[in-house]
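Using full-length UniProt numbering, you'd call the opening residue of the sequence shown number 1 and step up by one each time.
The beta carbon of each residue, even a glycine, is placed where N, CA and C say it ideally should be.
To keep things clear, I will list the structure first and then write my remarks on it.
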Amino acid sequence: MTSEFWLTGKYPKQYSDAPDNRLYVRQYGNGPHILIALHGFGRSGARLERLGTHLGRHFTTLAPDLPYHGKSEWYNDRYGIEEITGMIQQLLDRYRDRRVYLLGHSLGGRYLSACLCKLEHPNLQDMVLVAPDGAGGRYTNWIDTLPQTLIRPLAKLSERPRTILRLSQWLQKRGLINGYSAEYLKYNLNNRPFRRRLAGTLRSVLKFPPAPDVFERALDQRGIRCTVFVGDKDPLLHHDRLTRMYEPLPSVDIHRYVGSHWLPERLLADYYLDSLVAVLP
């Protein structure tokens with residue numbers, strides 16, 4: 001890691017006597033181009049280390065830890081598009097004279113695509129989503145079907161290990177989550193930070209609804225394209241739903257590769273290095 005710094009939230013705090021909400025940002029490399037990358041649920045910006053290091057001569061990779069993840073300090077019990085957009089915009093404003101690329105993996109892809117319509121920068125170049133959540137993901141797709149009135153009690157229940165264990169078993173029996181997701185929950189339930197992360201994300205994720213038409217309009221207005229990378233063996237994606245969401249969009253290309261839900265670092269490194277060749281005068 002080249003360096004690290006903090007982004008401080010500018011929106012009202014939930015508790016006046018609480019410290020400021022802050023995101024911890026890891027920086028990899030010192031290249032002339034900027035890559036802003038959002039990780040998936042349960043990860044941190046450290047997940048981008050190998051990719052950022054590999055691209056370090058050409059890109060400065062900025063990888064924030066999402067709220068309740070990594071080293072970030074988030075004291076509110078939820079967040080929304082305004083907070084995440086504001087944090088990303090702070091990064092964009094630091095580099096007004098640079099070419100900027102956007103990358104979102106899984107949950108980070110959901111957030112980035114929802115925020116795009118409110119992000120402003122004179123030199124946005126490209127957007128990549130890897131296994132984006134919100135497009136029929138098997139892990140969180142069931143959340144999108146719930147009414148808002150159920151989210152608060154569900155988030156409260158998720159802070160109780162035995163209750164969420166029974167809930168995950170109930171959801172699995174009804175086919176709302178698969179065995180992979182149920183085992184993931186069971187494995188992590190004794191971890192207190194995980195329970196807070198799960199509760200905070202449950203309270204927040206529906207504030208980032210999938211909106212293909214809005215996303216396409218945002219891409220078109222900024223004159224950029226989006227490439228969606230999809231692993232052919234990804235157990236967390238509903239591939240048919242993802243195709244139906246993104247394939248009709250004129251500014252989106254779907255790239256399928258041999259792999260699972262993990263970040264395809266070598267493939268992405270080649271993609272970004274090739275993109276630099278494409279923009280040479």
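Buried or exposed (CB count within 10 angstroms, at least 16 for buried), residue i
i: GLN14; result: exposed
i: HIS255; result: exposed
i: ALA18; result: exposed
i: ARG197; result: buried
i: LEU280; result: Reliability fails at LEU280, whose pLDDT of 48 lies under 50, so the model's placement of it is uncertain and the value that follows must be treated cautiously. So LEU280 ends up on the exposed side.
i: ALA199; result: buried
i: VAL130; result: buried
i: GLY179; result: exposed
i: TRP74; result: buried
i: GLN221; result: exposed
i: TYR11; result: exposed
i: TYR68; result: buried
i: ARG162; result: exposed
i: ASN21; result: buried
i: VAL252; result: buried
i: TYR257; result: exposed
i: PRO132; result: buried
i: ARG47; result: buried
i: SER16; result: exposed
i: THR201; result: buried
i: GLU83; result: buried
Host alpha helix (DSSP H) of residue i (start-end)
i: GLN89; result: 81 to 94
i: ARG57; result: Neither: ARG57 is in no alpha helix (DSSP H) and is coded neither H nor E.
i: GLY109; result: 107 to 115
i: TYR246; result: 239 to 246
Helix, strand or coil at residue i according to DSSP, with G and I counted as helix
i: GLU49; result: helix
i: PHE208; result: coil
i: ASP97; result: coil
i: ALA131; result: coil
i: SER275; result: helix
i: PRO281; result: Model confidence at PRO281 stands at a pLDDT of 45, short of 50, so the residue's coordinates are unreliable; what they give is reported in the following sentence. Note: PRO281 maps to coil in three-state DSSP.
i: ASP77; result: coil
i: PRO235; result: coil
i: SER3; result: strand
i: TYR28; result: strand
i: GLY200; result: helix
i: GLY104; result: strand
i: PRO264; result: coil
i: SER168; result: helix
Cβ distance (whole Å) where residue i is taken to contact residue j below 8 angstroms
i: GLY108; j: HIS39; result: 5 angstroms
i: VAL44; j: GLY70; result: What sits at residue 44 in the sequence shown is Ser, not Val. Indeed, because the Cβ distance is near 3 angstroms, the residues count as touching under 8 angstroms.
i: VAL128; j: THR227; result: 5 angstroms
i: THR2; j: LEU35; result: That pair is no contact at about 13 angstroms.
i: VAL25; j: PHE41; result: The Cβ separation is near 18 angstroms, so there is no contact.
i: ASP126; j: TYR101; result: 5 angstroms
i: LEU119; j: LEU92; result: 6 angstroms
Element boundaries [beta strand (DSSP E), containing residue i]
i: HIS255; result: 252 to 257
i: LEU38; result: 33 to 38
Per DSSP, cross-strand counterpart(s) of residue i
i: ARG22; result: THR8 and GLU73
i: THR227; result: VAL128 and ASP253
i: residue 294; result: Because residue 294 is not part of the residues shown, which for the chain are 1 to 281, the question remains open.
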